[in-house]
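Each number in the numbering used here comes from the position in the sequence shown (counting from 1) with 306 added on.
Here a beta-carbon is modelled for each residue, glycine too, at the ideal position from N, C-alpha and C.
Note that the coordinates shown come from a computational prediction; the quantities given were computed from them, not determined experimentally.
What follows is a single structure, written as structure tokens, with notes after it.
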Amino acid sequence: MARMIRSLRIGQVRPTPRHTGLTFAFLLACAASGTVRADQGLVLDLSTLLFNYQATNPHAQPGEVIGTLSINDRPFSNLTLQQLDLGPDGKIGGGDDIVLDLAGIGLGESFDALFAGDVIKQAGNNNYLISGRFAATDTVTSIAEPSLLGDFESSDIAIFEGVFLYIGPWSPADDNDSILLPSGVPSWEFHGILGDTPATPNKDGIRGQVSLPSGRSAFKDGRLAEFHIETGIPNLDTFFAVDRRNLASDVKATVVPEPTTFLLLLAGMLAVLARCMYSRRLRVYS
Ligand SMILES: [Ca+2]
Ligand SMILES: [Ca+2]
């Protein structure tokens with residue numbers, strides 16, 4: 307992981323008024339390596355979630371589940387969905403992205419989000435795999451039938467400069483044709499809250515809503531990251547040995563049409579998010 311982090315470079319994206327620090331950090335950390343361009347992408351930004359890890363089997367052997375992860379919204383959580391024009395490069399990042407529309411939800415009582423997964427010990431020290439599923443709703447859908455749903459599996463897990471982080475691919479679950487649900491229709495809408503969303507940009511003309519009139523099923527290619535501050539924990543073996551709870555977990559996810567792929571640039575993300583999280587941790591712990 308350390309070698310990978312050192313080898314990565316920082317991308318750039320054009321900032322907008324609505325970019326939060328961590329969304330900006332995540333976009334900084336994304337660049338595409340695909341050969342086929344996409345026109346649009348979605349960026350989902352959830353902040354101040356509850357991170358709960360239970361060390362169900364702390365003496366796990368390689369291949370065994372050592373513990374379970376559950377991350378969900380709480381009263382002060384908030385959500386922003388951005389619809390991006392990916393620019394001439396057809397990729398998230400690259401300094402040419404333009405925000406077309408936004409949907410904001412300012413309190414956790416108005417949406418639901420859930421990451422549920424297993425942490426599996428791998429051979430060697432500080433080597434783990436996280437396998438799970440993440441679902442997010444808008445103001446009208448439910449966790450049982452969410453607006454976005456995908457499976458996640460990755461061994462890119464780290465504690466870096468006081469930030470616990472995992473990041474990896476997020477792909478359609480079960481027999482779903484897309485991360486964006488429900489299936490069976492060409493369009494997709496995400497309903498935020500008018501008062502929690504700036505007046506512009508507003509591509510579909512409905513403040514607080516993001517709309518895809520067609521092409522929903524093409525959105526199969528996702529990336530997801532979770533991160534939060536963990537101080538004084540030297541390594542992953544220590545982290546996963548006991549139960550952990552954190553009230554300031556952030557989940558960021560991108561979804562773009564297949565077959566564009568992403569190369570996630572962790573170095574830029576870690577550097578920027580560490581500064582962002584440090585600046586706000588006093589007010590988010592409650
Ligand atoms: Ca771009
Ligand atoms: Ca809109």
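Hey, how far is the Cα of residue i from the Cα of residue j?
i	j	result
ASN541	PHE357	18 Å
PHE466	GLY400	25 Å
LEU390	GLY369	39 Å
LEU455	HIS365	32 Å
THR386	GLY521	21 Å
PHE421	SER383	14 Å
ALA505	VAL469	34 Å
GLY498	VAL516	8 Å
VAL548	GLN360	7 Å
PHE568	GLY511	Legend: pLDDT at PHE568 = 46, less than 50; position of this residue unreliable, value from coordinates given subsequently. For PHE568 and GLY511, the distance between alpha carbons rounds to 30 Å.
THR362	GLY373	5 Å
ALA479	GLU564	15 Å
ASP418	ALA442	6 Å
ASP556	PHE496	20 Å
ALA464	LEU392	29 Å
ILE377	ASP351	14 Å
TYR472	GLY414	23 Å
PRO492	SER484	11 Å
ILE404	PRO507	10 Å
ALA409	ASN433	37 Å
ALA338	GLY538	Reliability of the predicted coordinates at ALA338 is poor, the pLDDT of 38 falling under 50, and the value obtained from them is presented with this limitation in mind. Each residue's Cα considered, the two are about 34 Å apart.
PRO394	PRO381	39 Å
ARG550	PRO519	42 Å
ASN444	ALA524	Note on identity: in this sequence residue 444 is Asp, with Asn being the wrong assignment. Rounded to the nearest angstrom, the two C-alpha atoms are 20 Å apart.
VAL446	GLN367	43 Å
HIS534	ASN482	30 Å
SER416	GLY423	24 Å
ASN431	GLN388	38 Å
ASP402	LEU530	21 Å
LEU375	ALA429	20 Å
LEU435	ASP543	12 Å
ASN552	SER460	21 Å
GLY396	LEU500	29 Å
If I'm right that residue i touches residue j with Cβ under 8 Å, what's the distance once you round it to whole angstroms?
i	j	result
VAL349	ILE426	Contact doesn't hold; Cβ gap of about 28 Å is too wide.
ALA554	THR354	6 Å
GLY514	VAL561	Between VAL561 and GLY514 the Cβ distance is about 20 Å, and since that is not below 8 Å, they are no contact.
GLY474	ASP462	5 Å
GLY438	ILE398	Not confirmed; about 22 Å, so no contact.
LYS526	LEU406	Incorrect: roughly 20 Å between the Cβ atoms, too far for contact.
TRP476	PHE440	7 Å
ILE411	ASP345	Incorrect: roughly 25 Å between the Cβ atoms, too far for contact.
GLU532	PHE545	Actually they are not in contact, since the Cβ atoms of GLU532 and PHE545 sit about 13 Å apart, beyond 8 Å.
Is the beta carbon of residue i within less than 7 Å of some heavy atom of ligand 3?
i	result
ASN508	You won't find ligand 3 in this model; what it holds is ligand 1 and ligand 2.
Would you say residue i reaches chain C, if we count a Cβ-Cβ gap shorter than 8 Å as a contact?
i	result
VAL548	Judged by its chain identifiers, the structure shown contains no chain C, having just a single protein chain.
Quiz item: Residues with a Cβ closer than 5 Å to any heavy atom of ligand 1, in chain order?
Solution: Selection output, chain order preserved: LEU392, GLY393, ASP395, LYS397, GLY400, ASP402, ASP403.
Quiz item: Would you call the region 440–454 and the region 488–505 touching, i.e. three or more CB-CB distances under 8 Å?
Solution: Touching, yes.
Practice problem: Taking only runs that begin and end inside the region 486–510, name each unbroken alpha helix (DSSP H) of 4 or more residues, in chain order. | Solution: Runs found: none.
Practice problem: Starting from the N-terminal side, write out each stretch of the alpha helix (DSSP H) that is 4 residues or longer and does not extend beyond the region 431–490. | Solution: Unbroken alpha helix (DSSP H) runs of no fewer than 4 residues, entirely contained in the region 431–490, are not found.
Self-check item: In chain order, each beta strand (DSSP E) run of at least 3 residues that lies wholly inside the region 340–424
Solution: DSSP runs (the beta strand (DSSP E)) wholly in the region 340–424: 346–360, 371–378, 384–391, 404–411.
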